[in-house]
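Residue numbers (our numbering): 1 to 607.
What follows is one structure encoded as structure tokens, with my remarks underneath.
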Ligand code: F6R
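So, in structure tokens, the structure goes:
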């Protein structure tokens, strides 16, 4: 899962490629590299680590040439070293690759037997040697690429540059996205339109199995059967400006603070404050007739679906289930006729979620998606798209996209309840009013920043942390643990409060802080009983609750964070804020790389 770029231009390509790679660093930042042709020969610069390392290298040792390819890597096969960094090259071709060539061992053995010498531990290198082998056997570049691609199993997007031809790049995709950009006498490849936005807003999204041959004069596209095809050129809305951090130290902090605003935009796109009703974008999905809702996502987006399941059951009495995308399609999930499968994703590109979407479509389900990137693959492949309006989310840890997903999912549940005739009009009025209040209440929750920052100093000393909650607060416990793990590297787990006594309570001692999320709702007393069980065993409790909850919970808790009182149905939107801030300040206390934590990438485009 990586970002790839190709440019056939008229000015120095390397600085332009670096610009585009900056916009693709969300796809991985383990290493970066560029190859260009000058005097017809392939030359490369590669550096491990963040893109700035490559920038520094190019500053010392520039790379001339008006045609080039670039890559930012999230390592799959082979450590993130300079040697394993893309582009990979032979004396005749250079290749950048996003995805995994699953049958690389078999191909490597075959090519090794033919005398090819492999220099890296990557799966990608077989692409270089196979195209080179085909060229040696007398094929022209297009035939060599087409023949090679047919041998690959797995998901990939590839861009190939050929020695001696400064007017040719070949790109192909299967499973991983690739876009073609049209300039004025210049042509581009990019993993997404956002990467190409500084150069052009005219793009073609290649379809599954397409292979595009780029020359300065334009693109020739072949489909999976090598037939010439026309693909539409669309005007992308992707903005050319790179988002900055404003007055914040990190994108994550900026994004946490943007939540009242972007949730406001999102909710207002669905809820009409005048009629106090929810209106969904027109689509072929009739929510009154849905037999079952299957929600599928990964990571934080999946936690949003866990919360939504409560809403769809409670507000719409709609049989609902949630699944982790990487598991969903490998089980014999029963997808019943008339069912809708709903995919939730910030990026709209997550490989597991996208594959699950295709699986559900093949099983005859209607496909709906909640995505933040309007032009993403998931949006393009859905019968109904329900966008979040969070704006670009740059911090690897998802915050504002999550809260906006909740805003959309809550709106959907209300609309489904209404359509199914189970949510009375007065309930819709009450719920829409309350939902419209949530941006303000999130603003209130953000005011606890100072106290959370000081609590984080204590949490930072822990090696393990447990989060617990019941009902709608259980997924927030999981989200708190996920956020803390990914950016502070402290081991954390989120549990259903009632489940602790079935095993995890054995972990409790004075060194394991237990963070209890318990707004004053119908399950409050039960959660507090579970909290008492923890304290009775010497556990130190940080209680996140509202004013009433804190009054009722007693005095013995270790520390407290207060959240504003709100309708219990929407409490997850406010309880998300303290767990995000706690993870953020704990990471600051530990000095980790908040926006680009180790081993992660913003968009996970490999299975
Ligand atoms: C965690 C996080 C990830 C993503 C997950 C899905 O903070 O950001 O767990 O939520 O990788 O990504 P999307 O939503 O783009 O499908």
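Backbone N, C-alpha and C fix where the C-beta goes; we use that ideal spot for every residue, glycine too.
Remember, predicted model here, so these are calculated numbers, not experimental data.
Nearest-angstrom Cβ-Cβ length linking residue i and residue j, presumed shorter than 8 Å
| i | j | result |
| --- | --- | --- |
| residue 385 | residue 396 | Actually they are not in contact, since the Cβ atoms of residue 385 and residue 396 sit about 24 Å apart, beyond 8 Å. |
| residue 256 | residue 581 | 6 Å |
| residue 285 | residue 153 | Wrong, their Cβ atoms sit about 34 Å apart, outside the cutoff. |
| residue 194 | residue 183 | Actually they do not touch by this definition, with Cβ atoms about 16 Å apart. |
| residue 32 | residue 51 | 5 Å |
| residue 298 | residue 352 | 6 Å |
| residue 318 | residue 390 | So it is not a contact: roughly 25 Å between Cβ atoms. |
Closer than 8 Å: residue i CB and nearest the ligand F6R heavy atom
| i | result |
| --- | --- |
| residue 349 | yes |
| residue 297 | yes |
| residue 357 | no |
| residue 344 | yes |
| residue 482 | yes |
| residue 396 | yes |
| residue 604 | yes |
| residue 300 | yes |
| residue 186 | no |
| residue 486 | yes |
| residue 401 | yes |
| residue 204 | no |
| residue 353 | yes |
Residue i vs residue j beta-carbon contact at 9 Å
| i | j | result |
| --- | --- | --- |
| residue 374 | residue 367 | no |
| residue 515 | residue 574 | no |
| residue 36 | residue 63 | yes |
| residue 586 | residue 476 | no |
| residue 394 | residue 26 | yes |
| residue 165 | residue 40 | yes |
| residue 507 | residue 431 | no |
| residue 167 | residue 238 | no |
| residue 662 | residue 512 | In the structure as shown, the chain begins at 1 and stops at 607. Residue 662 is therefore absent and cannot be evaluated. |
| residue 259 | residue 344 | no |
| residue 601 | residue 74 | yes |
| residue 488 | residue 401 | no |
| residue 553 | residue 542 | no |
| residue 521 | residue 571 | yes |
| residue 349 | residue 369 | no |
| residue 356 | residue 341 | yes |
| residue 189 | residue 5 | yes |
Helix, strand or coil at residue i [DSSP, three-state]
| i | result |
| --- | --- |
| residue 306 | helix |
| residue 48 | strand |
| residue 498 | helix |
| residue 330 | coil |
| residue 149 | helix |
| residue 529 | helix |
| residue 580 | helix |
| residue 346 | coil |
| residue 493 | strand |
| residue 201 | coil |
| residue 402 | helix |
| residue 380 | helix |
| residue 259 | helix |
| residue 585 | helix |
| residue 534 | helix |
| residue 438 | helix |
| residue 174 | strand |
| residue 283 | coil |
| residue 57 | helix |
| residue 395 | coil |
| residue 41 | strand |
| residue 291 | coil |
| residue 322 | strand |
| residue 341 | strand |
| residue 359 | helix |
Where residue i falls, given that 16 or more other Cβ within 10 Å makes a residue buried
| i | result |
| --- | --- |
| residue 330 | exposed |
| residue 540 | buried |
| residue 11 | exposed |
| residue 214 | buried |
| residue 123 | buried |
| residue 218 | exposed |
| residue 210 | buried |
| residue 365 | buried |
| residue 435 | buried |
| residue 481 | buried |
| residue 274 | exposed |
| residue 46 | buried |
CB contact check: residue i to chain C, cutoff 9 Å
| i | result |
| --- | --- |
| residue 408 | The question asks about chain C, but that chain is absent: this structure has only one protein chain. |
Any non-hydrogen atom of the ligand NAP closer than 8 Å to residue i Cβ
| i | result |
| --- | --- |
| residue 124 | Of the ligands one can find in the structure shown, namely the ligand F6R, none is the ligand NAP. |
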